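What follows is one structure encoded as structure tokens, with my remarks underneath.
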Amino acid sequence: MKNQILQVGNIILLIFSFILFSFGILMQEYVTIFWAIFFVWIVGVIYSVIKIRERIIVLCFFITLLTFLLGGSFLELILENSIETIFSNEITIHMSISLYLAVFGIILGCLFSNKVARIFKLEKKIKFRESDLKKYFQKSAKIITYFTLFFYFVVLFEKIFFVRDNTYLEYYLEYATNLPGVVVKLADMFPIAFWIFMGSMPSKKEVNRAMLFYGGYSVISLGTGQRNKFVLGILMIIIYYFFRDKMDHKQKWINKKVCFVGLLCVPFLISFLYFFGFSRDGIQVNHISTGEAIVEFMKNQSTSADLIGYEKLYETYLPENKLYSLGRLKDFFQNNVITQALFDIPVYQQQTAEAAIYGNSFGQMISYLVMPWNYIQGRGLGSCYIAELYHDFGYIGIFLFNLLLGIVLSNSIYIVKSGNMFVIGIFLLMVEKIIYMPRDTTSNFLYTGINFTTILTIVLIVIIGKMIQMKYKER
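Mapping to this note's numbering: the sequence shown position 363 is 400, numbers consecutive.
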């Protein structure tokens, strides 16, 4: 009954937001449109929390939308009923329309996800299946996970030592590993083997042990000056434990006490991340309260929304023949070892004018246009999937992509229920890139699922698993 009331409330709030959105466009008032975005975001959070164990990925995506795109604007709306902008009224309205279509598309996809699941009969088609080979593949995935873990940490500490001896900015511009290529490749295999191992649904004891190393890596990665690995690591651990809690009917993986303590830690975690950002750049900051730190953090982090404005501002300078939303995939097909051996395709050094102009990265191109000197020196604005989608396909592209995204994320529980450890593992590997899309390129999650390292890791797991099976049969 309670859930039904919330669902009806969500529909009413969604309709109200659309009325606000329409009014904002007619009156050319971007503040009104941002209020509409705020209400849709609230609908998304409520929708996720109603069935949080199934919809935890949706909730995490709405959290990253808030962090990287919407947080600063929402705070200004609530505190001042205004939006501070560096762009003209026309461009700010464009930004607000793009953001609304993205958030509205996601929640609409979520609301239609059950109907899609029924049409395709996902509940009947996708059922948990045990395989005789699974226990052997699980063993081989575990072996590769713990074997490559050592190299994963070796590469991490090399980066930490580089940042310690140089600066955080020089890491982006000058860092190049001195480790043998085989060490780097083995390190790259760890997250793939790890998530495939997690996808095999090992025991809670096995999961806790492996997650201890994964979480430890996320914490230690702060030594490189990067906060994203740390935050994404926490979110991925949360996602996995919520999924296992949904799947496991014999024991609890998440309880109310853990959730309560976690929520209490959030303000202090945000405050820590705020001060850490200044510390890595060697900037001293006066003491401020936790509340002030949270406000400043949200304002500073949500600047990725500016990329939507910059795309519109510099759209006449951006090449029309580039599909930036597929740029990561195009780079993979052009720059891999096989293609480079067969064809004479130029490879451009990062953070150069050539890489920005002739490459396939929207993040590099827009950084070069907005701040050419800082870009050459190693700084960048990052990317944003909404800005890329608008450049490639316009408003309709933003809406349709997010509609599809909402359907997929809301039905992700069916992937977990499939019981296929490889499908689940690759999906979880891709999820980390999906929830980072508000600050990343659109197709990075697809690249993660199809690159040579991923394929090699899967092949090794299968081969070693078969060898383990043969060994057991000989006994």
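Ideal Cβ positions, reconstructed from N, Cα and C, are used throughout, including at glycine. Computed from a prediction, not measured in an experiment: that's the story for all the values here.
So what does DSSP say about residue i, is it helix, strand or coil?
i	result
I197	helix
M248	helix
C302	helix
M408	coil
L432	Looking at the sequence shown, residue 432 is not Leu but Tyr. The answer is helix: DSSP assigns Y432 an H, G or I state.
S85	helix
W290	coil
N481	helix
D285	coil
F124	coil
E211	helix
C296	helix
H131	helix
Y137	helix
C147	helix
K349	helix
N203	coil
I320	coil
Q175	helix
Y361	helix
L418	coil
D381	coil
S240	coil
F264	Looking at the sequence provided, one finds Arg at residue 264 rather than Phe. It is coil, neither helix nor strand.
S398	coil
K158	coil
Kindly indicate the opening and closing residues of the alpha helix (DSSP H) around residue i.
i	result
G364	G364 to N372
P356	Element bounds for P356: n/a, residue is neither H nor E.
F98	I89 to L102
M64	K39 to M64
D169	Looking at the DSSP string, D169 is not in any alpha helix (DSSP H), and its letter there is neither H nor E.
G236	G218 to G236
V453	S449 to K454
E511	F489 to E511
V460	M458 to I471
A393	A390 to Y395
N118	Where N118 is concerned, there is no enclosing alpha helix (DSSP H), given that its DSSP letter is neither H nor E.
K513	Because the chain in this structure spans residues 38 to 512, residue 513 falls outside the shown range and cannot be described.
By Cβ distance below 8 Å, which residues in the same chain neighbour residue i in space, the five residues on each side in sequence not counted?
i	result
L57	T69, I70, W72, A73 and F76
R201	G260
S412	The identity of residue 412 in the sequence shown is Tyr, whereas the question assumes Ser. Counting only Cβ-Cβ distances below 8 Å, and skipping sequence neighbours, we find Q388, A393, Q401, S404 and Y405.
Y311	A330, I331, E333, F334 and N337
F313	L259 and R264
Only counting the same chain, and skipping five residues up and downstream in sequence, which positions put a Cβ closer than 6 Å to that of residue i?
i	result
A390	none
T494	M226, I229 and A230
G486	I463 and M467
R281	W290
L206	G415
M474	Y422
S398	G364
M284	none
K349	I128 and H131
K196	T261
Rounded C-beta distance between residue i and residue j? I'm assuming under 8 Å.
i	j	result
L159	N448	6 Å
L114	I120	7 Å
V220	V191	6 Å
T490	K222	7 Å
A424	I320	Not a contact, Cβ separation roughly 28 Å.
I274	G252	6 Å
F234	T182	5 Å
Y89	F279	In the sequence on display, residue 89 carries Ile and not Tyr. Yes, they are in contact, since the Cβ atoms of I89 and F279 sit about 7 Å apart, within 8 Å.
Please work out which residues of its chain come closer than 7 Å, Cβ to Cβ, to residue i, disregarding the five sequence neighbours upstream and downstream, and give them in chain order.
i	result
V445	none
L366	S480, L483 and Y484
Does the CB of residue i have a neighbour CB from chain D at under 8 Å?
i	result
K503	Within the model displayed, chain D is absent; a lone protein chain is all it includes.
Is the beta carbon of residue i within less than 7 Å of some heavy atom of the ligand HEM?
i	result
E121	Among the ligands in the structure shown, none appear at all, so the ligand HEM cannot be discussed.
For the pair the segment 336-344 and the segment 96-110, tell me if three or more CB-CB distances fall below 8 Å. Segments in contact, yes.
Is it a yes or a no for the segment 378-394 touching the segment 300-314, going by three-plus beta-carbon pairs under 8 Å? no
Do the segment 38-49 and the segment 58-66 touch if we need at least three Cβ pairs shorter than 8 Å? no
Counting pairs of beta carbons, one from the segment 369-383 and one from the segment 428-439, are three or more of them closer than 8 Å? no
May I ask you to verify whether the segment 167-180 touches the segment 498-510, counting CB pairs closer than 8 Å and requiring at least 3? yes
Evaluate contact between the segment 141-152 and the segment 83-103, counting only Cβ atoms and requiring at least three cross-stretch pairs below 8 Å. The segment 141-152 is in contact with the segment 83-103.
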